Amino acid sequence: MESITKNRQPPEVLRAMTERAYGAGRIPAGDGWVSELGHGWFNVAYRIRLRDGAEVVLKIAPPPAVEVMTYERGAMSVELAVLDLLRTRTTVPVPAVDFADRSRELCDADYFFMPYIDADNLAVIAETLPTAERAALMEQLGAANREINSIRGPHFGPLAGPGHAGWRQAFTAMTEDVLADGERRGVDIGWDYHTVRAAVAEHAGSLDEVTEPRLVEWDLWNGNVMVRDGRIVCIIDHERAFYGDPLIEAGFAGTQLAAFGDPAPFMRGYGHGRLTGTEQTRRRLYCLHLLLIMVIETVYRGHTDTGQYDWARSRLDEAMALLGRTRR
Numbered sequence: 001m002e003s004i005t006k007n008r009q010p011p012e013v014l015r016a017m018t019e020r021a022y023g024a025g026r027i028p029a030g031d032g033w034v035s036e037l038g039h040g041w042f043n044v045a046y047r048i049r050l051r052d053g054a055e056v057v058l059k060i061a062p063p064p065a066v067e068v069m070t071y072e073r074g075a076m077s078v079e080l081a082v083l084d085l086l087r088t089r090t091t092v093p094v095p096a097v098d099f100a101d102r103s104r105e106l107c108d109a110d111y112f113f114m115p116y117i118d119a120d121n122l123a124v125i126a127e128t129l130p131t132a133e134r135a136a137l138m139e140q141l142g143a144a145n146r147e148i149n150s151i152r153g154p155h156f157g158p159l160a161g162p163g164h165a166g167w168r169q170a171f172t173a174m175t176e177d178v179l180a181d182g183e184r185r186g187v188d189i190g191w192d193y194h195t196v197r198a199a200v201a202e203h204a205g206s207l208d209e210v211t212e213p214r215l216v217e218w219d220l221w222n223g224n225v226m227v228r229d230g231r232i233v234c235i236i237d238h239e240r241a242f243y244g245d246p247l248i249e250a251g252f253a254g255t256q257l258a259a260f261g262d263p264a265p266f267m268r269g270y271g272h273g274r275l276t277g278t279e280q281t282r283r284r285l286y287c288l289h290l291l292l293i294m295v296i297e298t299v300y301r302g303h304t305d306t307g308q309y310d311w312a313r314s315r316l317d318e319a320m321a322l323l324g325r326t327r328r
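Read in UniProt numbering, the sequence shown has 327 at position 327, and its numbers run on one by one without any break.
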């Protein structure tokens, strides 16, 4: 996926970064030692073959001159923190971090190296799998997501703060950040921004049912799941995590909007039954928040293809209808 947030670097800089991480003796030699991994939507990632044949991945944060959405600021620091949490406090398979550099000496942004995962991206192969195998993988994902959510946080909101004592305050602040981002860039979301704010405020009482902050990935879609031989072998891309309500996880989105797919296998693996009325209201708010981001980020990322924008605009109308707002 093309995006102006991808901070591509020339080969000589990539070599210098690799030498700093692994030493002069492992600097890549010859041709064909680097290739860009194309599935990401935000950071650039390179697959690099070291001189001894080992393969690693280099992930580089966006350049500082490119404006990102408010919630995306400092995303690489969030990812490194979450990787440490998951490695030390769960059995969920995540990449090791070989080396991280925040000095900005070799390039203009943070970066880190991790081992290359020799596996298939679930988003790429999902439609080629037999239905039963695909469902089994989604059950595994549900179980893994539940284990991630078992980590209790010190507050609601961003990992590094500012924290909130209540989930209502944290979520409404997160949503306001998204709306303010859209207004700042004049993004046409198809609705008056004040109407969206009113819909959130009308249903915000449902958020008070959440009293304990949990680590949530939020961005755990198929594209961040690596599989091999019918098993999940790694979960990648953890930069959007925060402390909040586990029901905001991507696997629950389909409970309210069919466009996000059948949630049943994920929910079986997670061990979550049918949503209560209050849970449905919360999940509808979370769908609205997600779709606002999907619409607004297309402007921040400089998309020239309108496919995501058009799709998300239509789904945003559906989410607003679920919250009692329809066009006149």
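C-beta: ideal position from N, C-alpha, C; glycine also. Keep in mind it's a predicted model, so treat the numbers as computed, not measured.
- In chain order, Ala75, Met76, Val78, Glu79 place their CB closer than 7 Å to the CB of Glu239, counting only its own chain and leaving out the 5 sequence neighbours on each side.
- Per DSSP, the continuous beta strand (DSSP E) segment holding Ser35 begins and ends at 34-37.
- Beta-carbon to beta-carbon, Leu137 and Leu159 are separated by about 28 Å, too far to satisfy the 8 Å threshold.
- Taking 4 residues as the shortest admissible run, the segment 61-110 contains the following complete alpha helix (DSSP H) segments, listed from N- to C-terminal end: 75-89.
- Contact between the segment 287-295 and the segment 172-189 is present: 3 or more CB-CB pairs across the two stretches fall below 8 Å.
- Not a single unbroken stretch of the alpha helix (DSSP H) spanning 4 or more residues falls wholly within the segment 146-175.
- With a cut-off of 8 Å on Cβ pairs, the segment 30-37 is not in contact with the segment 82-91, counting fewer than three such pairs.
- Short of 7 Å from the beta carbon of Arg282, and not among the five residues preceding or following it, lie these beta carbons of its own chain, in chain order: Ser206, Leu207, Asp245, Leu247.
- Three or more Cβ pairs closer than 8 Å define a contact, and the segment 142-160 meets that threshold against the segment 213-220.
- Looking at the backbone, the Cα of Glu19 and that of Gly38 are separated by about 24 Å.
- Per DSSP, the unbroken beta strand (DSSP E) holding Val216 starts and ends at 214-216.
- Counting only runs of 4 or more residues that sit fully inside the segment 188-269, the alpha helix (DSSP H) segments are 193-203, in chain order.
- Approximately 11 Å separates the beta-carbon atoms of Val57 and Arg49; this is outside 8 Å, ruling out the contact.
- Residue state for Arg47 is assigned as strand, using DSSP reduced to three classes.
- In the same chain as Met17, and ignoring 5 residues on each side of it, the C-beta atoms closer than 6 Å to its own belong to Leu106, in chain order.
- In the DSSP annotation of this structure, the continuous segment of the alpha helix (DSSP H) that includes Ala21 starts and ends at 11-22.
- Between the C-alpha atoms of Ile235 and Ala250 there is a straight-line separation of about 14 Å.
- Only residues of its own chain outside the window of five on either side were considered, and among them Val227 have a CB closer than 8 Å to the CB of Ile125, listed in chain order.
- With a contact defined as Cβ atoms closer than 8 Å, Pro63 and Asn43 miss out at about 11 Å.
- The C-alpha of Met267 lies about 27 Å from the C-alpha of Val295.
- Asp52 and Gly25 have their alpha carbons spaced roughly 9 Å apart.
- When rounded, the separation of the alpha-carbon atoms in Gly163 and Thr172 is 13 Å.
- The straight-line gap separating the alpha-carbon atoms of Ala144 and Gln169 is approximately 28 Å.
- Here DSSP, grouped into helix, strand and coil, assigns Leu58 to strand.
- Under DSSP, Asn121 shares a beta bridge with Met226.
- Listed as beta-bridge partners of Phe112 by DSSP are Lys59, Ala100.
- Residue range 277-300 is occupied by the alpha helix (DSSP H) that includes His289.
- Taking the CA atoms as reference points, Val68 sits about 23 Å from His194.
- When the beta-carbon positions are compared, Gln308 and Gln280 stay at least 8 Å from each other.
- In the structure shown, the three-state DSSP call for Ser3 is coil.
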